[in-house]
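The next block holds one structure in the form of structure tokens; read it before the comments.
Numbering (this note's numbering), first residue to last: 141 to 270.
Encoded structure:
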């Protein structure tokens, strides 16, 4: 069974290790001691917690078939006369969207704005790190 150190869990959840420690101390996230006495979080417990957190923070329009949403901050906006490129940093992930300039102007997307990248794709490549 996979177990994650506090720092690894924090990285996966996109929060600080101190935040994960507070969640463990408060009983919101289960942790056990490993053979060295360090607190670790079982993979199944971490996955369940991550899913519950995503449900709490999810912002959706009333009707949408898209399920993949990453909330982040706009870090760059490049516009020309017709098109625009918007960069969003969502935790450790950089999302780049190409859209019409009109859409950027209507959404008032500016560096420092909060935005949600909504991804709908027929192909998702899954890799397992070494």
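Note that CB positions come from ideal geometry on N, CA and C, so glycine has one too.
Query raised in the report: Distance, Cα to Cα, residue 150 vs residue 246?
Result: Each residue's Cα considered, the two are about 36 Å apart.
Query - C-alpha gap between residue 268 and residue 183, whole angstroms - result: 15 Å
Query - the segment 172-183 touching the segment 218-229, judged by at least three CB pairs closer than 8 Å - result: no
Query raised in the report: CA-CA distance, residue 163 and residue 142?
Result: 20 Å
Query - Contacts around residue 217, its chain only, beta-carbon distance under 8 Å, and the 5 residues preceding and following it disregarded - result: 224, 225, 226, 227, 244, 249, 250, 251.
Requested in this report: Just mark residue 146 as buried or exposed, buried being the case when its beta carbon has 16 or more other beta carbons within 10 Å.
Outcome: buried
Requested in this report: Give the straight-line distance between the Cα atoms of residue 241 and residue 189, rounded to the nearest whole angstrom.
Outcome: 38 Å
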